[in-house]
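What follows is one structure encoded as structure tokens, with my remarks underneath.
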């Protein structure tokens, strides 16, 4: 089995701006007159013999332009693997008025994630390659689809080609049961052919409503349409409109999915499959749509492997539905969802969770993601409450940079009140030694959401990157979290953000309060950077050797973070072709290599000493005497 070539954004491969008009009779030769009931029954029986349900067999029969071709296809189905999913499909000519423009299209991924589309996601019949879709009103479904269809007709450059040449590149289709207040109907849906389907309907002069309800299989309108098309298909005395309708009447050799094998339901398998087709090679979808498709795939993979972080009182399924945007009645605050996203999609690079996220992205795109891509996915999920406009790019970029601070990788959500987190964070500040503890990480992650997504964006990227005196978001977060004054300020930022207040600058020596503080100044981006620099300079005065040792280890960790940020910036420099220069030019410096080896050796010795110290402590009895 070999991969079929991944499709482009609804491509018409032999596309040209001034395409020749195809003789309608060439395409019309594929059409057959309305079949008798006996022929229809024979095709349905062939579908059932192939292992299909009656519903699916009837749907394929109604969609076939040639019943004999359909029966031949059912006798020799094909199998294709895409990533971790395997699909069984048949190829036959499908009449386009049986293909519904999909209400769950990849172009809507961003809108689905943000809850702005007004339509649910697909479900599926268990164990079958049959999608389900339910809305309480057919009129609402029509109204929700209308602007998306109109936009496609107006802006897709291939529409004109299809009107002149017909559908030249077949798409993938799936069976879909639509249930509304007017009952249930089963049609094929444009799995990987939304643009082609919309263009052909435009050429036929039919609407979404016609396909779903008016052109019923066996109904008078559908039968008359087919008879007219067959008549025009064999005549050279036709109008331009009639010839165009014949050209737009068929999707030749459509690949219709009739079975699947996957570690997930057909709705999720189909969603990943479409993303795989459209992202390998990368597509020109919006950044938000692309990131949401990748994030949802990563969340699915973490869920299936049992690797999603699950806060107390929640289930893994609930966490999955929150992170992929399916569950909007979860009761978590926006900053808590942000922490959940950061913990799930931004794990430590050497953990199984990171490998699972990487595998999901490779599965879709065929390319191994860079380290920072996980923080981009986490930031996109955290900011789903914001519209996908120009401001979102700046918000996502700043939150992404803030979350590259190593302490926030794999942060855990406890849902504790910020005023309860603060004392624990202060304790960790003194005792954590070489690394910040979980309370510091959670408090910092909560605050980072408000620093980016508040009424005024306080946490912004440096215009010139993190060089010299320029301070990047991750450095600001680290500096704020390394002193008791900074941690109290972070706590105040969370309290103000949740209350909808502008963040207040907390005077030194005061404690956070969940109210407007008399005389407090409002924080600004400039003042936040000044505070971060002040806190970085202050630190904490340590008297004992142990405390000085802890401070030295903290400084070592900070320098490692700076080193990682600098290395990532090397990878960010791209040439005119958009490819990272370090990937094409490389880098080799013996001094750097030798220094890194020395550091690694030192750290290995430190770890060995730590293990010996742990063993010695374990050998002490309660009185402190050695056994």
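Numbering (the working numbering), first residue to last: 1 to 627. Beta carbons are placed, not taken as given, at the ideal position from N, Cα and C, and that holds for glycine.
6 Å Cβ shell around residue i - same chain, five flanking residues per side excluded
i           : result
residue 460 : 398 and 525
residue 205 : none
residue 489 : 506
residue 269 : 85, 260 and 262
residue 244 : 163 and 203
residue 199 : 159 and 162
residue 304 : 263
residue 353 : 307 and 347
residue 439 : 421, 424, 425 and 428
residue 77  : 88 and 90
DSSP state of residue i mapped onto helix, strand, coil
i           : result
residue 119 : coil
residue 175 : strand
residue 587 : coil
residue 187 : strand
residue 482 : coil
residue 357 : helix
residue 237 : coil
residue 431 : helix
residue 460 : coil
residue 93  : strand
residue 81  : strand
residue 62  : helix
residue 130 : strand
residue 346 : coil
residue 628 : Since the first and last residues shown for the chain are 1 and 627, residue 628 lies out of range.
residue 512 : coil
residue 314 : coil
residue 50  : coil
residue 565 : helix
residue 388 : coil
residue 180 : strand
residue 228 : helix
residue 328 : coil
residue 450 : helix
residue 139 : helix
residue 160 : helix
residue 22  : coil
residue 301 : helix
residue 370 : coil
residue 150 : helix
residue 105 : coil
Rounded distance between the beta-carbons of residue j and residue i, thought under 8 Å
i           : j           : result
residue 179 : residue 134 : 5 Å
residue 66  : residue 93  : 6 Å
residue 340 : residue 322 : 7 Å
residue 288 : residue 392 : 7 Å
residue 233 : residue 383 : So it is not a contact: roughly 52 Å between Cβ atoms.
residue 628 : residue 221 : Here the chain has residues from 1 to 627 only, and residue 628 is not among them.
residue 47  : residue 60  : 6 Å
residue 405 : residue 561 : 6 Å
Neighbourhood of residue i by C-beta, 7 Å cutoff - its chain only, sequence neighbours within 5 removed
i           : result
residue 630 : No answer is possible for residue 630: the residues shown for the chain start at 1 and end at 627.
residue 295 : 345, 377, 380 and 381
residue 574 : 580 and 581
residue 170 : 251, 252, 253, 254 and 255
residue 401 : 461, 472, 473 and 474
Sheet register partners of residue i (DSSP bridge)
i           : result
residue 88  : 79 and 259
residue 504 : 522
residue 656 : There is no way to answer for residue 656, as the model of the chain reaches only from 1 to 627.
residue 574 : 580
residue 250 : 95
residue 124 : 131
CB contact below 8 Å: residue i versus chain B
i           : result
residue 303 : In the structure shown, chain B does not exist; there is a single protein chain.
8 Å Cβ shell around residue i - same chain, five flanking residues per side excluded
i           : result
residue 73  : 90, 91 and 92
residue 387 : 114 and 116
residue 333 : 498
residue 598 : none
residue 42  : 67 and 71
residue 408 : 342, 346, 402, 441, 444, 445, 448 and 477
(message) Measuring CB atoms only, is the segment 316-328 touching the segment 355-369, in the sense that at least three cross pairs come out at less than 8 Å?
(response) no
(message) When you compare the segment 151-159 with the segment 174-181, are there three or more beta-carbon pairs, one atom per stretch, that lie closer than 8 Å?
(response) no
(message) I'd like to know if the segment 372-389 and the segment 343-357 are in contact, where contact means that at least 3 CB-CB pairs between them fall below 8 Å.
(response) yes
(message) Assess contact between the segment 136-145 and the segment 412-426, defined as three or more Cβ pairs (one per stretch) separated by less than 8 Å. Is contact present?
(response) no
(request) Determine contact between the segment 418-433 and the segment 507-518, defined as no fewer than three beta-carbon pairs at a distance below 8 Å. (result) yes
(message) Check whether the segment 558-573 and the segment 515-522 touch, using three or more Cβ-Cβ pairs below 8 Å as the test.
(response) no
(request) Evaluate contact between the segment 447-458 and the segment 425-432, counting only Cβ atoms and requiring at least three cross-stretch pairs below 8 Å. (result) no
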